[in-house]
Structure formats: structure tokens, C-alpha cells
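Notes follow the structure.
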Amino acid sequence: MKKKLVSLIVLLVMSFTIEAYDKTQASVKAVLVTGASSGIGKRTAEVLVEKGYFVYAGARKQKDIDALSAHKNMQGVRLDVTVQEDIDAAVDYISQQGRGLYAVVNNAGVTVFAPLIEVSEDDMQFQMDVNLFGPYRVTKAFAPLIMQSKGRIVNISSIAGTFAGAMLGPYNMSKFAIEGYSEALAQEMKKFGVTVSMIEPGNYNSKVIKNMKRRMKQGVQQNDTSADSLYEQEMQQLFRFFTEDRSNHKDPIEVAQAVMDAIESEKPKLRYMVVPNEAEARLAITKAIEDVIQMNQRQPYEYDRKQLIELLDLALEKVQ
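With the numbering used here applied, the sequence shown covers 447 to 766.
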């Protein structure tokens, strides 16, 4: 009789413990971060864990998946954003874990730098496949889970998605496209209680640049430093610029903090510009102002300076 009573007590304790564990697991919000093996993605995943989230960390290589899984409250997931089978498998896996999914951070990205009249179609397709169609595929696949949780979608764009430069055309195109995609998606998801934000980082320490340098060194970009290029000098200068030591560039913790605000704020912004210094901030804001001025000039309903200032004041009131 005593043994039966002890067994019953043990079973009850185990039952309550398991139930409490399940409730705790269910209360922890889960976030998927793509391209989480290094740079902005890795830093964001680490900050999310520190803040009490469970992170599904997407990566392509097994060694990176294993390294990410070694962190507490983080599970590495095989996820190449250009491979639909990987995305579908990730959806199935995350759905089966029972945590739901509160946010997706579309971070995976690559950089192709080349003259637009010389860049190969393969390189251009590679650029768009990762930077534009990657977030499109991932968001579309995980949308039901995000809608169920009334969660957040965060797309990592760039200040290069707000103004363009020579030799940066392919990358600019992909990031300008992400800006338009995010704006439209934000309007479409609003009815489901889902917010969409884009993060526009400046020149931080990131693996995107390292991967680009490797592609340039290996000659993967078919016209990167070709001797018969019309832009040989410009491409050589670009190559030298990006192959110099960049270890002193700032850690992307500020970018990760912007992602956190987009995930946790009651009223997240659509756009978060995050730059490492005032010079980059001035450049980006000045370019945006110049674009507005050009848009206004020599059009049928051109506004004068006073009217522009009134519009600026109205806009400031609206976004505050």
C-alpha cells in the first residue's frame, strides 16, 4: 500500500512538472532568424536569447547549425532561402515544436558589386534570388504562423536601399526592392494584426562584405575586375577598398537592438535607419531630402518653401 502511495505521488509530481514545463515553453515567444551564422544575424539571435526568446537560427552549413544549436534556447535550422525544400522543411519542423512563431527576421543576404551594363545575368539573378526572393519565400511560407500569433515580420534592408551608387547597382536594386516589398506587405498584413518593419543598417562589421570579397577574389562575379571592362579602374579601386582591414568597424549590436524594438515595441516603426556614425546619418538624410526636392521641382503642383515646411511639420506630427 505504501509503495503504491509513493508511486502515485511520484506520478502526480511528474505530471505537474511536465505541465508546468509545457506552459513555460508555450509562454516563451519564438523567433526565426535567417542567415544567423555570423554578422548581423548572429548578433540578433544572441540578443534575442538574452532577452528571453527562443530562437530558430537559420544557416546553410552543418557546422554552423551545430554551433548555433550549442547555445541555450537556440536551435540551428537548415535554411537556404533560395531552396524551397529547405523552407518547407523548416516550416514543418517549427510547427511541430509547439512553440508557435512570433517573429521572422529576414536577414540572409549577399552582395554583388559590378557595373550594370556589364554584370552577368547569373550574378544579377543570384543577387535577387537571395536578397529579394529569399525574404519573399520565407515570409510567404511562415505567414500562417505569424498571423496566428499576431506577430512581427522584420526585413533587413540597408541604407543602400534608400540611395544608390556606382558599381553598387545590383545590391541597390535588391534593397530598393525590399523597401517596396516591405511597405506593401505592411499594409496587407495590418488587417491580421501583424506589423512589418525594415532595418536599414549602414556600414557595420558584417559577413556580407567578407563573402563579397571572397567572390571577387575567386572571380565568381564574371566581370568584377576584368581587364577588358569599361570600369576596370573603378572596380580595382572598389576591390582595394573592400579588401582592406575592416576589423575596426563597429559591431552590429545597434542593428540587433533596432530589431528588438521592431519586435517588442507596441508601435514599431516601418523604417529603422541604423548607422555607425553621424557622417552616414547625414549622408542618408541629406539624400532623402534632395530626392523630395527633385520630386517637387518643375511639376504642375510645385510647393514653395513655406508649404514644404508645413508638410514637414504635418509629417513629424503624424509619425511621433
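Here a beta-carbon is modelled for each residue, glycine too, at the ideal position from N, C-alpha and C.
Spatial neighbours of residue i in its chain, beta-carbon cut-off 6 Å, leaving aside the 5 residues before and after
i    : result
A704 : I645, Y718, V720
Y749 : N742
I605 : E646, G648, A730
E700 : V720
P590 : none
CB of residue i within 9 Å of CB of residue j, strictly
i    : j    : result
M635 : I599 : yes
H695 : P722 : yes
I486 : A549 : no
A525 : A554 : One detail in the question is off: residue 525 reads as Leu in this sequence, not Ala. Going by C-beta atoms, L525 is nearer than 9 Å to A554.
M706 : A560 : no
V501 : H517 : yes
G648 : A761 : no
L716 : A623 : no
A702 : T641 : no
V523 : Y499 : no
S430 : G546 : The shown model of the chain, from 447 to 766, leaves out residue 430, and the question about it has no answer.
R506 : S483 : yes
G607 : K621 : yes
Alpha-carbon spacing of residue i relative to residue j, whole angstroms
i    : j    : result
Y617 : F609 : 11 Å
Q543 : Q521 : 11 Å
T470 : S711 : With a pLDDT of only 47 at T470, under 50, the local geometry of the prediction cannot be trusted, and no value is derived from it.
K475 : E567 : 41 Å
G611 : D532 : 34 Å
K764 : D512 : 46 Å
V584 : I755 : 41 Å
Y650 : P698 : 6 Å
G615 : A725 : 22 Å
R744 : Q766 : 31 Å
E625 : Q571 : 18 Å
K509 : D534 : 21 Å
T671 : V495 : Per-residue confidence for T671 stands at a pLDDT of 48, beneath the threshold of 50, marking its modelled position as unreliable; no derived number is given.
K497 : N519 : 11 Å
K637 : M619 : 29 Å
S541 : Q530 : 16 Å
S652 : E629 : 25 Å
Buried versus exposed call for residue i [16 or more other C-beta atoms within 10 Å across all chains shown]
i    : result
V558 : buried
L478 : buried
T732 : exposed
Q573 : buried
D569 : buried
N552 : buried
R489 : buried
V738 : exposed
Y747 : exposed
S643 : buried
I735 : exposed
G597 : buried
D759 : exposed
Residue i in three-state terms, based on DSSP
i    : result
G772 : With the chain running from 447 to 766 in the structure shown, residue 772 is simply not present.
Q633 : helix
G485 : helix
N643 : In the sequence as displayed, the identity of residue 643 is Ser instead of Asn. Three-state DSSP puts S643 in a strand.
V720 : strand
L591 : helix
R598 : strand
M520 : strand
L614 : coil
V666 : Any reading at V666 needs caution, since the residue's pLDDT is 47, under 50, leaving its predicted position unreliable; the model's value is listed next. Reduced to three states, the DSSP call for V666 is coil.
N552 : strand
G498 : coil
K764 : helix
A560 : coil
D493 : It is worth fixing the name first, because residue 493 is Val in this sequence and not Asp. Helix at V493.
V705 : helix
G648 : coil
L758 : helix
V477 : strand
Cβ shell of residue i (< 8 Å), same chain only, five flanking positions each side left out
i    : result
Y627 : L578, P581, Y582, N601
M613 : F559, A560, P561, Y677, E680, M681, L684
L675 : The question names Leu, but residue 675 is Ser in the sequence shown. Contacts found: P561, E564, N669, M681.
D575 : T528
R728 : none
L757 : Y749
Same chain, Cβ closer than 7 Å to residue i, five either side skipped, listed in chain order
i    : result
V537 : A587, F588
G481 : G487, G504, N553, A554, G555
S473 : none
K752 : none
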